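Input: a single structure, listed below in structure tokens.
Residue numbers (our numbering): 11 to 310.
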């Protein structure tokens with residue numbers, strides 16, 4: 011029979027940090043969760059089950075890794091800090107013996123599929139669960155969804171403000187480039203707050219959970235005739251000057267304001283609208299309209 015998993019408490023977290031002579035740094039966003047109820051709640055909200063292989067980014071001392079090992083078929087943990095990456099297997103062996111853990115010492119922003127599945131028999135992760143530093147949260151999530159098509163769903167803990175941006179809908183104050191880009195891949199929603207007191211050291215900002223589910227291929231808004239980079243270029247241009255009309259904001263992208271207006275009208279989008287009012291399908295339509303237009307057709 012598999013031994014029960016023993017989670018880390020506040021004293022355990024501080025003990026491990028002392029053992030490693032670890033001084034948490036703001037640069038790496040090192041705020042470690044030490045509350046058992048919080049990590050179990052995260053695993054439950056992520057819907058992790060015995061058939062899942064979880065990708066965990068930034069496992070740190072292993073507070074979240076342990077309950078993930080308890081619930082999942084296996085965990086692939088990507089840790090940029092070599093000291094933490096080196097200690098994690100021993101922590102898992104001591105507190106979650108017999109479970110399947112693979113530790114990859116790498117920057118999640120540069121990870122590739124072959125880094126996570128070194129052998130043909132190693133199952134690829136299908137769920138992302140992570141406690142992400144606010145300064146890299148958005149690029150990490152977008153990068154992983156781009157390079158790991160097998161990731162079907164996820165739950166990330168991020169700064170509350172970042173959570174609002176990722177899960178925002180058109181017309182909401184927090185809606186912006188991160189909202190649209192995540193919507194290209196998945197449907198996202200807020201999954202609840204996380205109090206500051208469950209971290210060590212206590213952060214100076216509030217945290218929140220964002221859950222996402224990758225689009226079913228049958229309803230995927232990413233059509234084969236439009237490149238993701240083209241759509242994202244439109245999104246970046248629209249929100250770089252978000253208080254301007256799309257006719258003005260997309261002038262540089264299209265070559266001129268009249269050219270932008272022509273593309274917008276071809277896409278069925280009001281040139282006087284702002285980017286914050288458009289959903290991802292509208293940005294796809296704009297990119298498609300420009301790609302399909304003849305060069306001289308862009309000038310009215």
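Note that the Cβ used here is the ideal one computed from N, Cα and C, for glycine as well.
The structure presented is a predicted model; accordingly, all values stated were derived computationally and were not measured.
message: On a Cα-Cα basis, can you pick out the residue from 302, 252, 140, 202 that is closest to residue 89?
response: Residue 89 sits at position 79 when you count from the first residue of the chain shown. Per the Cα distances, 140.
query: What are the start and end residues of the alpha helix (DSSP H) that includes residue 169?
result: In the chain shown, counting from the first residue as 1, residue 169 sits at position 159. Premise fails: residue 169 lies in the beta strand (DSSP E), 163-169, not in any alpha helix (DSSP H).
- prompt: Taking just the CA atoms, how far does residue 174 sit from residue 33?
  reply: On the chain shown, position 23 is the one that residue 33 refers to. On the chain shown, position 164 is the one that residue 174 refers to. Looking at the two C-alpha atoms, the distance is approximately 30 Å.
query: Given residue 94, which residues of its chain have a CB within under 8 Å of its CB, disregarding the five upstream and five downstream residues?
result: Reading the chain shown from its first residue, position 84 is the one you call residue 94. A distance below 8 Å between beta-carbons, with the five flanking residues on each side excluded, links residue 94 to the following residues of its chain, in chain order: 30, 32, 69, 70, 71.
field: residue 155 to residue 161 span [Cα, whole Å]
entry: Numbered from its first residue, the chain shown carries residue 155 at position 145. Numbered from its first residue, the chain shown carries residue 161 at position 151. Rounded to whole angstroms, the gap between the alpha carbons of residue 155 and residue 161 is 7 Å.
- request: Return the chain-ordered ranges of every alpha helix (DSSP H) run that is complete within the region 146-228 and spans a minimum of 4 residues.
  value: 147-157, 170-177, 187-195
query: What is the DSSP secondary structure of residue 12, reduced to helix, strand or coil?
result: Here residue 12 refers to the residue found at position 2 when the chain shown is read from its first residue. Three-state DSSP puts residue 12 in coil, outside helix and strand.
message: Cutting at 6 Å between CB atoms, please list the residues of its own chain near residue 112, excluding the five before and the five after it.
response: For the purposes of this step, residue 112 is taken as the residue at position 102 of the chain shown. So the qualifying residues of the chain are 86.
field: Assumed close pair residue 52, residue 165 - CB separation to whole angstroms, cut-off 8 Å
entry: As a first step, residue 52 is located in the chain shown; it is residue number 42 there, counting from the start. As a first step, residue 165 is located in the chain shown; it is residue number 155 there, counting from the start. About 6 Å separates the two Cβ atoms, so the contact holds.
field: Length of the line joining the Cα atoms of residue 193 and residue 46
entry: Along the chain shown, read from residue 1 onward, the residue named residue 193 stands at position 183. Along the chain shown, read from residue 1 onward, the residue named residue 46 stands at position 36. Going from the Cα of residue 193 to the Cα of residue 46 covers about 32 Å.
query: Apart from the five residues on each side of it in sequence, which residues of its chain come closer than 6 Å, Cβ to Cβ, to residue 110?
result: Within the chain shown, the letter at position 100 stands for residue 110. Excluding sequence neighbours, residue 110 sits near 84.
field: Beta-carbon proximity check, residue 274 vs residue 281, cutoff 7 Å
entry: As a first step, residue 274 is located in the chain shown; it is residue number 264 there, counting from the start. As a first step, residue 281 is located in the chain shown; it is residue number 271 there, counting from the start. Yes; because the gap between Cβ atoms is below 7 Å, this pair is in contact.
- request: Alpha carbon to alpha carbon, how far is residue 272 from residue 308? Give it in angstroms, no decimals.
  value: What you label residue 308 is simply residue 298 of the chain shown in a count that begins at 1. What you label residue 272 is simply residue 262 of the chain shown in a count that begins at 1. Residue placement at residue 308 cannot be trusted, given a pLDDT of 44 that sits under 50; the coordinates are not used to answer.
query: When you compare each of 82, 98, 108 to residue 134 by their alpha carbons, which one comes out closest?
result: Your numbering for residue 134 matches position 124 in the chain shown. Ranking the options by Cα distance to residue 134, first place goes to 82.
query: Which first and last residues belong to the beta strand (DSSP E) in which residue 89 is found?
result: Sequence index remark: in the chain shown, residue 89 carries index 79 (1-based). Counting along the chain, the beta strand (DSSP E) containing residue 89 begins and ends at 84-89.
Beta-carbon separation (whole angstroms), residue 75 vs residue 103, contact threshold 8 Å: Position 65 of the chain shown, counted from the first residue, corresponds to residue 75. Position 93 of the chain shown, counted from the first residue, corresponds to residue 103. Incorrect: roughly 12 Å between the Cβ atoms, too far for contact.
- request: Let me know the secondary structure DSSP gives residue 119 once reduced to three states.
  value: By one-based count along the chain shown, residue 119 stands at place 109. In the structure shown, residue 119 sits in a helix (DSSP, three-state: H, G or I).
- prompt: With distances taken from CA atoms, which of 117, 287, 254 is nearest residue 179?
  reply: As a position in the chain shown, residue 179 is number 169, starting the count at 1. With distances taken between Cα atoms, residue 179 lies closest to 287.
- request: Could you pull out every unbroken beta strand (DSSP E) segment of at least 3 residues lying fully inside the region 42-87, listed in chain order?
  value: 63-67
- request: Go ahead and label residue 266 buried or exposed: buried means 16 or more other beta carbons lie within 10 angstroms of its beta carbon, across all protein chains shown.
  value: Here the question's residue 266 lines up with position 256 in the chain shown. Counting Cβ neighbours within 10 Å, residue 266 comes out exposed, since fewer than 16 surround it.
query: Residues bridged to residue 132 by DSSP?
result: For the purposes of this step, residue 132 is taken as residue 122 along the chain shown, with counting starting at 1. DSSP, once it has assigned bridges, lists no residue as partnering residue 132.
message: Using C-beta distances below 7 Å, list every residue in its chain close to residue 306, excluding the 5 sequence neighbours before and after it, in chain order.
response: Working through the chain shown from its first residue, we reach residue 306 at position 296. Its pLDDT being 47, under 50, residue 306 is placed unreliably in this model, and the coordinates cannot settle the point.
query: Since residue 140 sits in a beta bridge, which residues does DSSP pair it with?
result: Sequence index remark: in the chain shown, residue 140 carries index 130 (1-based). Note: residue 140 is bridge-paired with 67, 166 in the DSSP secondary-structure output.
- prompt: Among all the DSSP beta bridges, which residues are the ones paired with residue 111?
  reply: If you number the chain shown from 1, residue 111 lands on position 101. In the DSSP output, where bridge partners are listed per residue, residue 111 has 85.
query: Nearest CA to the CA of residue 211: which residue from 13, 15, 21, 17?
result: The residue you call residue 211 lines up with position 201 of the chain shown. Comparing Cα positions, the closest option is 21.
query: Should residue 136 be labelled buried (16 or more other beta-carbon atoms within 10 Å of its own) or exposed?
result: Here residue 136 refers to the residue found at position 126 of the chain shown. By the 10 Å Cβ count, residue 136 comes out buried.
- prompt: If you draw a straight line from the C-alpha of residue 242 to the C-alpha of residue 294, how long is it?
  reply: Indexing the chain shown from 1 puts residue 242 at position 232. Indexing the chain shown from 1 puts residue 294 at position 284. Their backbone Cα atoms lie some 9 Å apart in a straight line.
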